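Engineer: The listed protein sequences correspond, in order, to chains C and R. Just so we're aligned, residue 13 is where the first sequence starts under the numbering used here, counting upward by one. Just so we're aligned, residue 894 is where the second sequence starts under the numbering used here, counting upward by one.
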Amino acid sequence: GAVVSQHPSRVICKSGTSVKIECRSLDFQATTMFWYRQFPKQSLMLMATSNEGSKATYEQGVEKDKFLINHASLTLSTLTVTSAHPEDSSFYICSAVGPMNTEAFFGQGTRLTVV
Amino acid sequence: GNSVTQMEGPVTLSEEAFLTINCTYTATGYPSLFWYVQYPGEGLQLLLKATKADDKGSNKGFEATYRKETTSFHLEKGSVQVSDSAVYFCALSEGGSEKLVFGKGTKLTVNP
């Protein structure tokens, strides 16, 4: 199947700093990518839909100024957590819609810890 | 809104035991239903799916049947292996979108 690579897998940052997470489709072009967040023992919650060349669509309750999404190319979407706080500590996962538009392929996820 | 409820884990089984992980859903329309699996250190992978009522998805010995009357999509396997140890997520999508609504996940551990 298609491969989606997410980087970094783990990151620890200080409160108030910004962190960028990358999501790359390695062997296909993805016009649409999704960003999810998972709290401990909770479901993966959709944060936003990232469309190449246009602004991301955020789910209700997600602060777009805090979680900046850039989908500048057909193989790369980035999520930047700005001015991170300890409550932003979570597991973030991206997915990319495959070339046949019938399946979403997931990255390995990023464990963010804000101290 | 749409939601997915799956059985709480963790689930621990011996090799060759029978597995059932329950999943029920709430949706306004006619969703597609999925089971994803996440092996340690890896991303989520699609395990199986069903797109309409009474469809049965199957893969790697796992099966799940889309039951509209009970709004369920329970995952089953007749004989689990140690290599099946992973976290399993039930999910749905509507309207042909790949935007997914997930259950909380169920961690399965299979012991030799």
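Ideal Cβ placement from N, Cα and C applies to all residues, glycine included. Owing to the predicted nature of the structure, the values given are computational and were not obtained by experimental measurement.
Mind listing which residues of the segment 108-127 of chain C have their C-beta closer than 7 angstroms to chain R's C-betas, in chain order?
Structural biologist: Going along the segment 108-127 of chain C in chain order, one finds V109, E115, A116, F118, G119, Q120, G121 with a Cβ nearer than 7 angstroms to chain R.
Engineer: Which residues in the same chain have their Cβ closer than 8 angstroms to the Cβ of K76 (chain C), if we skip the five residues on either side of it in sequence?
Structural biologist: The answer, listed in chain order, is A60, A68, Y70.
Engineer: Could you name the residues of chain C that K992 (chain R) contacts, counting a contact when the two beta carbons are closer than 7 angstroms?
Structural biologist: Per Cβ cutoff of 7 angstroms: F46, L58, T61.
Engineer: I33 (chain C): which of C:V93, C:P52, C:S85 sits nearest, CA to CA?
Structural biologist: When only C-alpha atoms are compared, the closest one is C:V93.
Engineer: What are the boundary residues of the beta strand (DSSP E) that G950 (chain R) is part of?
Structural biologist: Note, G950 (chain R): beta strand (DSSP E), 949-952.
Engineer: Between the segment 80-87 of chain C and the segment 96-104 of chain C, do three or more beta carbon pairs fall short of 8 angstroms?
Structural biologist: Flag = no, the segment 80-87 of chain C and the segment 96-104 of chain C do not touch.
Engineer: Mind reading off the beta-carbon distance from Y918 (chain R) to V897 (chain R)? Whole number of angstroms is fine, and I expect it under 8 angstroms.
Structural biologist: Yes, Y918 (chain R) and V897 (chain R) are in contact; Cβ-Cβ is about 5 angstroms, under 8 angstroms.
Engineer: With DSSP as the reference, label S976 (chain R) as helix, strand or coil.
Structural biologist: Three-state DSSP puts S976 (chain R) in a helix.
Engineer: Would you verify that the beta carbon of Q41 (chain C) is, or is not, closer than 8 angstroms to some beta carbon of chain R?
Structural biologist: Answer no: the Cβ-Cβ gap between Q41 (chain C) and chain R never drops below 8 angstroms.
Engineer: Using a Cβ cut-off of 8 angstroms, pull out every chain C residue sitting near K961 (chain R), in sequence order please.
Structural biologist: Residues of chain C passing the Cβ test: none, with the nearest at roughly 22 angstroms.
Engineer: For the putative contact between Y981 (chain R) and L968 (chain R), defined by C-beta atoms under 8 angstroms, what is the C-beta separation to the nearest angstrom?
Structural biologist: The Cβ separation is near 6 angstroms, so the contact holds.
Engineer: Taking buried to mean at least 16 other C-beta atoms within 10 Å of its own C-beta, is I24 (chain C) buried or exposed?
Structural biologist: It counts as exposed.
Engineer: Output, in chain order, the set of chain R residues within a Cβ distance shorter than 8 angstroms of V16 (chain C).
Structural biologist: Those are G936, listed as they occur along chain R.
Engineer: Any idea which residues DSSP pairs H19 (chain C) with across the strands?
Structural biologist: Bridge partners of H19 (chain C): C:E34.
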